[in-house]
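Numbering (the working numbering), first residue to last: 20 to 130.
Right, dumping it as structure tokens:
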């Protein structure tokens with residue numbers, strides 16, 4: 020099975036986002052509801068782990084459907100890879116996890 024990258028419109032209040040650094044690890048936490056999108060984006064300077072803390076989400080990397088990722092699972096996203104998430108459930112929590120230095124860059128990034 021394969022899913023095309025969904026078309027979307029960015030709605031500013033659609034994404035609830037938090038960035039924290041704890042014990043030298045950076046966390047960018049995003050909470051979205053069913054069918055909402057974390058717009059396609061990339062990070063130029065760092066790889067990161069993408070973790071689904073609750074719910075589930077469909078993931079595309081570089082325009083290719085990677086799979087439906089369910090709570091408790093993580094995937095690697097390499098620097099420069101365009102990636103997009105679509106939530107499959109209300110209250111889906113996604114976390115980008117990286118080192119503290121890269122978390123500082125996350126603070127300045129917008130989707």
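Glycine included, C-beta positions come from ideal geometry on N, C-alpha and C.
| task | For the alpha helix (DSSP H) holding residue 73, just list the boundary residues, first then last. | result | Careful: residue 73 lies outside any alpha helix (DSSP H), inside the beta strand (DSSP E) at 67 to 73.
| request: Return the chain-ordered list of same chain residues with a C-beta closer than 8 Å to the C-beta of residue 93, the five sequence neighbours on each side being excluded. | output: 68, 69, 70, 71, 116
| field | Own chain residues within Cβ distance below 7 Å of residue 95, not counting five before or after | value | 66, 68
| query | In chain order, what residues of the same chain lie with their CB nearer than 6 Å to the CB of residue 112, ignoring the 5 residues before and after it? | reply | 50, 72, 73
| Would DSSP call residue 126 helix, strand or coil? | helix
| field | From 24, 39, 25, residue whose alpha carbon lies closest to that of residue 127 | value | 39
| request: Report the residue from 109, 46, 26, 37 whose alpha carbon sits nearest the alpha carbon of residue 119. | output: 46
| field | Spatially closest choice to residue 57 from 107, 108, 110, 103, by CA coordinates | value | 103
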